[in-house]
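Visitor: My questions all concern the structure below.
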Amino acid sequence: MSEQKVSRLGPWVERPFPPLLPEIVPFWEGLRRHEFRLVKCRRCGACYYPYTVCVRHADIPDFDEMEWAPTSGRGTVFAHLTVHKVVDPAFQPDLPYVLALIELDEGPLFATRIVDCDPQDVRIGRRAAVKYHDVPGQDRTLPFFVLQD
Ligand SMILES: [Zn+2]
Numbered sequence: 001m002s003e004q005k006v007s008r009l010g011p012w013v014e015r016p017f018p019p020l021l022p023e024i025v026p027f028w029e030g031l032r033r034h035e036f037r038l039v040k041c042r043r044c045g046a047c048y049y050p051y052t053v054c055v056r057h058a059d060i061p062d063f064d065e066m067e068w069a070p071t072s073g074r075g076t077v078f079a080h081l082t083v084h085k086v087v088d089p090a091f092q093p094d095l096p097y098v099l100a101l102i103e104l105d106e107g108p109l110f111a112t113r114i115v116d117c118d119p120q121d122v123r124i125g126r127r128a129a130v131k132y133h134d135v136p137g138q139d140r141t142l143p144f145f146v147l148q149d
C-alpha cells in the first residue's frame, strides 16, 4: 500500500476572500455543508456552473426555472497542468501543484486544483471526486478534487 500523500497549502489559504456575487452564494453555502451544488434546470434537469439559464429549449427559461441542487461531486479529468513556479510567495509551499478542469458527471466543466497526489499521476480521463477543504478560521470551504482510481 502506497503512502497517502497530502498536499501542503501556503498561507494564501487563510487570506480573506473577496465578497461573493449574490448569484453564486448558494454554491458556497453548499460547500460549507460538504454538498457540491450545481444550478439545475427544472424543466429538463440539465446542470450548469456557474449560474446561468438553460440553453436546451427554444424558449429560454428564466432564472426562476433554475435551482441549485446537490450533485455527485464526481467527474473525469478534462485538462490539467502542473504549476512549478509562482510569483506570490504565499503559494510557494504548495509547489508543485495541479490545476485542472474536471468534466463533472452532470456535464459542466469545473476549474479546480487536484490535491493529495503526485502530479505525474494526473491524466486526462482519470476519475476524480471533490475533497472539501474547510479553511481554518474562516466560514469558507474550498472545493479541491482528488483522484479516484
Ligand atoms: Zn432545461
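First residue of the sequence shown? That's 1 in the UniProt record's numbering, and the numbers climb one at a time after it. Just so it is clear, CB atoms sit at the ideal spot from N, CA and C, and this is done for glycine as well.
Ligand 1 and residue 58: does the residue's C-beta get closer than 7 Å to at least one heavy atom of that ligand?
Guide: The sequence position of residue 58 within the sequence shown is 58, counting from 1. It does not: the Cβ of residue 58 is nowhere closer than 7 Å to a heavy atom of ligand 1.
Visitor: CB of residue 47 to nearest heavy atom of ligand 2: below 7 Å?
Guide: Absent from the structure shown: ligand 2. Ligands present: ligand 1.
Visitor: So what's residue 23 in DSSP terms, helix, strand or just coil?
Guide: Reading the sequence shown from its first residue, position 23 is the one you call residue 23. Residue state, collapsed to three classes: helix.
Visitor: Taking the alpha carbon of residue 94 as the point to measure from, which residue in 114, 131, 104 has its own alpha carbon closest?
Guide: If you number the sequence shown from 1, residue 94 lands on position 94. Answer by Cα proximity: 114.
Visitor: Does DSSP classify residue 90 as helix, strand or coil?
Guide: Position 90 of the sequence shown, counted from the first residue, corresponds to residue 90. Reduced to three states, the DSSP call for residue 90 is helix.
Visitor: Below 8 Å on the Cβ atoms is my contact criterion, and I expect residue 101 with residue 111 to pass it. Report the Cβ-Cβ distance as a whole number of Å.
Guide: The residue labelled residue 101 in the question sits at position 101 within the sequence shown. The residue labelled residue 111 in the question sits at position 111 within the sequence shown. Indeed they touch by this definition, with Cβ atoms about 6 Å apart.
Visitor: Would residue 120 and residue 10 be called neighbours here (beta carbons separated by less than 8 Å)?
Guide: In the sequence shown, residue 120 corresponds to position 120, counting from 1. In the sequence shown, residue 10 corresponds to position 10, counting from 1. No, the pair does not count as a contact, with Cβ atoms beyond the cut-off.
Visitor: Please report how far the alpha carbon of residue 146 lies from the alpha carbon of residue 69, in whole angstroms.
Guide: As a working note, residue 146 is residue 146 in the sequence shown. As a working note, residue 69 is residue 69 in the sequence shown. When rounded, the distance between both Cα atoms is 22 Å.
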